[in-house]
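Engineer: My questions will all concern the structure given below.
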Amino acid sequence: MSAELAISLRGAVKRYGPITAVNHLDLEVPLGTCVGLLGPNGAGKSTTMRLLTAQSIADEGEIEVLGFRLPEESKAARAQCGVSPQLDNLDTTLTVQQNLLVFAHLYRIARADRAEAIERALKMANLVERRDSRVDKLSGGMRRRLLIARALIHRPRLVLLDEPTVGLDPQVRQELWALIDKLRSEGTTILMSTHYIEEAQRLADTVLIMSHGSAVAAGRPSELVLQHAGHEVLEVYGPPARLREVEAEAGAAGLRTRRTGTSISILGIDANGDHSFEGDRRPANLEDVFVLLTGEEIA
Amino acid sequence: MATTSRTARLGRLERPALTGVLVREVVNFSSFWRSSTFSSTVEPTIYLLAFGFGFGSLVSKIGGYDYVQFVGTGTVATAVLFSSAFPAMFGTFVKYQFQRTYDAILAAPVDTEELVTAEALWIATRAGVYGCVPMLVAIAFGLQPAWGMFLVPLIAWTAGFGWACFGIMIAGFAKSFENFNYVVSAVLTPLFLVAGTFFPLNRLPKWAQVLGEVNPLHHCVQLVRDAVLYGLVWTDLLRVGFLVLFALVIWRIAIHAMTRKLID
């Protein structure tokens, strides 16, 4: 890869006693791109995020963020990063503006630029009208927007978004996607962890699929889908006995399948025209890829 | 591998990082200063009044001074303890365990050493102010104003820094709130009682006097009394040295404990 890298992990390992949370993970995030870490809960996404801010120290491997070697130089790297955590850690008894003021200081924004930075963050998060509201009076979506605005107050070169829309209703999720999309279009480098397929597919230039702390595939979402699941998937519905028969027949025909509760999905159907299966065709997606590669259903 | 251009790595105990954490504390304090001030000043004042007038009716004078003046100067150390060790212990635990405040701060260019130091500085500053309240109340009850009183905020600040670090250290080692019960019952209460606040240590058995000499609260009490009542003597330098040494040692242990807690 010839592009400059915002993040480089090589063989990163993080263990907690007998549990290996991150297992020889390689990750490269070129500047100006949005990379999605996709995986279910417990896949190691949040630990990877913590490694990048040196709040967790890798047991093995090499990590560089914005050219700074971690953990030794993490402080300098953090000065140029913004982090939106999965768990809300806003100061709830402070107002929206006071929260931003505190982080304007923590991120060392010069006194002359502080007011402007706060205004910009308020506008970006669409919280201008709520600037004097206490955080504990805000809705979940507003708090999440404030977390992102807080992470962006110092115009970081790299933004780490850990499950930015988890637990939010679909409408609020759409609002946040628009916000993240805007960041992307402005050229901010983003590393975003998510367990929402649609989120990764819609926002990420490149997706890294994680399972049990390891990367199982990486690439552009469309390329991953095409490579692993083909163009189309055939959904066959029927009683359990029929689904078992279809699964066996597809296996015998060299086709890959995944069970989806009431149906069975036969993947790569477009490349195998001469089959006798009947069902509903739909475009293949990242979820198919994920289930195929990891054997796990994503939440 | 091509990586981005970089600037110099940042140093330790940087002023912008300390300022950032202090600003957070000051802004937060603006939302709860009333309750904090109430608990940190009323409680030692109640001790002062209860012991001063309760025991004061039985013990008229100690060392040539009215008992209320003796206790009034002694409870400065009580106020320092109450406004430093306790908020540091409980506040630190809440911030890392429940509010996850420290996760947010450590994602910014602040390290644990700066975080602990700034927290202790702020708590010490509050202790420096709150520590003076019993003395001011004692003035209303007959304590003669003296120039040495101007040293009391400084003494309270120095002792408060050590006790703030002590509280942070305990929070750093604690696994749950319940762990604090052991510290309060087995450490803080005995130290509080054998600090010479309510009675002179020279009336106690020899072993208790020796223990008193390694009690930072006792040195705080004696320094305040010497500054306000008896006049400073050269041995007070040793007491200051003890408080500074206590603060420095506990500060480093607190940083170690919190680093273990926050960085995994």
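In the order they appear, the protein sequences are chains A and B.
All you need for this note's numbering is the position in the first sequence, starting with 1, plus 160.
For the second sequence, counting from 1, position 143 maps to 128 in this note's numbering; every step adds exactly one.
We put the beta carbon where it would ideally sit given N, CA and C, even for glycine.
Quick caveat, the model's predicted, so the values are computed rather than measured.
Is I308 of chain A near Y267 of chain A, with beta carbons less than 8 Å apart?
Structural biologist: Within the first sequence, residue 308 of chain A is the residue found at index 148, counting from 1. Within the first sequence, residue 267 of chain A is the residue found at index 107, counting from 1. No, these two residues do not count as a Cβ contact at 8 Å.
Engineer: Taking 8 Å as the threshold (beta carbon to beta carbon), is S20 of chain B in contact with chain A?
Structural biologist: Residue numbering aside, residue 20 of chain B sits at position 35 when the second sequence is read from its first letter. S20 of chain B does not count as touching chain A.
Engineer: Since L202 of chain B and D221 of chain B are thought to touch, with beta carbons under 8 Å apart, how far apart are those beta carbons, to the nearest angstrom?
Structural biologist: If you number the second sequence from 1, residue 202 of chain B lands on position 217. If you number the second sequence from 1, residue 221 of chain B lands on position 236. With a Cβ gap of about 15 Å, L202 of chain B and D221 of chain B do not count as contacting.
Engineer: With H, G and I counted as helix, E and B as strand and the rest as coil, what does DSSP make of V376 of chain A?
Structural biologist: Against the first sequence, residue 376 of chain A aligns to sequence position 216. The answer is strand: DSSP assigns V376 of chain A an E or B state.
Engineer: DSSP on N187 of chain B, reduced to helix/strand/coil?
Structural biologist: By 1-based counting over the second sequence, the position of residue 187 of chain B is 202. N187 of chain B: helix per DSSP, three-state reduction.
Engineer: Identify which residue in A:R175, A:S299 and A:L198 has its Cα closest to the Cα of H184 of chain A.
Structural biologist: Your numbering for residue 184 of chain A matches position 24 in the first sequence. Nearest of A:R175, A:S299 and A:L198 to H184 of chain A, Cα basis: A:R175.
Engineer: Going along the chain, which unbroken runs of the alpha helix (DSSP H) with 4 or more residues stay wholly within the stretch 146 to 179 of chain B?
Structural biologist: As far as the stretch 146 to 179 of chain B is concerned, its whole alpha helix (DSSP H) runs of at least 4 residues are 164 to 168 and 174 to 178.
Engineer: Beta carbons nearer than 7 Å to chain A: which residues of the stretch 92 to 113 of chain B have them?
Structural biologist: Result list: A92, A93, P94, V95 and D96.
Engineer: Using a C-beta cutoff of 8 Å, does A89 of chain B count as contacting chain A?
Structural biologist: If you number the second sequence from 1, residue 89 of chain B lands on position 104. Taking Cβ atoms only, chain A reaches closer than 8 Å to A89 of chain B, which makes this a yes.
Engineer: Where are the alpha helix (DSSP H) runs, 4 residues long or more, that stay fully inside the stretch 365 to 443 of chain A, in chain order?
Structural biologist: Entirely contained in the stretch 365 to 443 of chain A, the alpha helix (DSSP H) runs reaching 4 residues are, in chain order, 381 to 389 and 400 to 412.
Engineer: To which residues does DSSP link R229 of chain A through a beta bridge?
Structural biologist: The residue you call residue 229 of chain A lines up with position 69 of the first sequence. Answer is A:E224, bridged to R229 of chain A.
Engineer: Determine whether the beta carbon atoms of A272 of chain A and G221 of chain A lie at a separation below 8 Å.
Structural biologist: Translated into the one-based positions of the first sequence, residue 272 of chain A becomes position 112. Translated into the one-based positions of the first sequence, residue 221 of chain A becomes position 61. Against a cut-off of 8 Å, the Cβ pair of G221 of chain A and A272 of chain A comes out as no contact.
Engineer: Could you tell me whether the Cβ atoms of T244 of chain B and T63 of chain B are closer together than 8 Å?
Structural biologist: For the purposes of this step, residue 244 of chain B is taken as the residue at position 259 of the second sequence. For the purposes of this step, residue 63 of chain B is taken as the residue at position 78 of the second sequence. Not a contact, by the Cβ cut-off of 8 Å.
Engineer: Can you name the residues that DSSP bridges to V189 of chain A?
Structural biologist: Counting from 1 along the first sequence, the entry for residue 189 of chain A is found at position 29. DSSP output for V189 of chain A lists A:I167 as bridge partner(s).
Engineer: Among the residues of its own chain, which have a CB less than 6 Å from the CB of A277 of chain A, if the five just before and after it don't count?
Structural biologist: Along the first sequence, one-based indexing puts residue 277 of chain A at 117. Correct list, in chain order: A264, I269 and I313.
Engineer: My output table needs one value for V56 of chain B: the three-state DSSP class, helix, strand or coil.
Structural biologist: Walking along the second sequence from the start, residue 56 of chain B turns up at place 71. The answer is helix: DSSP assigns V56 of chain B an H, G or I state.
Engineer: Does the count of Cβ pairs from the stretch 178 to 197 of chain A and the stretch 339 to 357 of chain A closer than 8 Å reach three?
Structural biologist: The stretch 178 to 197 of chain A is in contact with the stretch 339 to 357 of chain A.
Engineer: Listing by chain order, which chain A residues have their CB less than 9 Å from the CB of N13 of chain B?
Structural biologist: Along the second sequence, one-based indexing puts residue 13 of chain B at 28. Per Cβ cutoff of 9 Å: D251, T253, L254, Q258 and V262.
Engineer: Does DSSP put V199 of chain B in a helix, a strand or coil?
Structural biologist: On the second sequence, position 214 is the one that residue 199 of chain B refers to. Correct three-state label for V199 of chain B: coil.
Engineer: What's the C-alpha gap between E198 of chain B and L247 of chain B?
Structural biologist: Translated into positions along the second sequence, residue 198 of chain B becomes position 213. Translated into positions along the second sequence, residue 247 of chain B becomes position 262. Roughly 34 Å separates the two Cα atoms.
Engineer: Closer than 7 Å by beta-carbon distance: list the chain A residues that pair up with F211 of chain B, in chain order.
Structural biologist: The sequence position of residue 211 of chain B within the second sequence is 226, counting from 1. Checking the sequence, you will find Asp at residue 211 of chain B rather than Phe. The premise fails here: D211 of chain B is roughly 40 Å from chain A at the closest Cβ pair, so nothing lies under 7 Å.
Engineer: Among the residues of its own chain, which have a CB less than 7 Å from the CB of R238 of chain A, if the five just before and after it don't count?
Structural biologist: For this step, residue 238 of chain A is matched to residue 78 along the first sequence. Only T213 meet the Cβ criterion.
Engineer: When DSSP builds the beta bridges, which residues end up paired with R74 of chain B?
Structural biologist: Residue 74 of chain B sits at position 89 when you count from the first residue of the second sequence. For clarity, residue 74 of chain B is Met in the given sequence; the question names Arg instead. Looking at the DSSP assignment, M74 of chain B forms no beta bridge with any residue, so it has no partner.
Engineer: Can a CB atom of chain A be found closer than 8 Å to the CB of P1 of chain B?
Structural biologist: Within the second sequence, numbered from 1, the residue matching residue 1 of chain B stands at position 16. Taking Cβ atoms only, chain A reaches closer than 8 Å to P1 of chain B, which makes this a yes.
Engineer: Compare the Cα-Cα distances from D186 of chain A to each of A:S374, A:M209 and A:I217 and report the closest residue.
Structural biologist: As a first step, residue 186 of chain A must be located in the first sequence, where it is residue number 26. Taking only the C-alpha atoms, the option nearest D186 of chain A is A:S374.
Engineer: Taking the alpha-carbon of Q387 of chain A as reference, which of A:L343, A:D219 and A:N445 has the nearest alpha-carbon?
Structural biologist: Here residue 387 of chain A corresponds to residue number 227 of the first sequence, with the count starting at 1. Residue A:N445 is the option with its Cα nearest to Q387 of chain A.
Engineer: For H265 of chain A, which residues in chain B fall below 7 Å Cβ to Cβ?
Structural biologist: Residue numbering aside, residue 265 of chain A sits at position 105 when the first sequence is read from its first letter. Ordered by position in chain B, the residues that pass the 7 Å Cβ test against H265 of chain A are T4, G5 and V8.
Engineer: Does the distance from the CB of L250 of chain A to the CB of R303 of chain A come in under 8 Å?
Structural biologist: Reading the first sequence from its first residue, position 90 is the one you call residue 250 of chain A. Reading the first sequence from its first residue, position 143 is the one you call residue 303 of chain A. Cβ distance < 8 Å, so L250 of chain A and R303 of chain A count as in contact.
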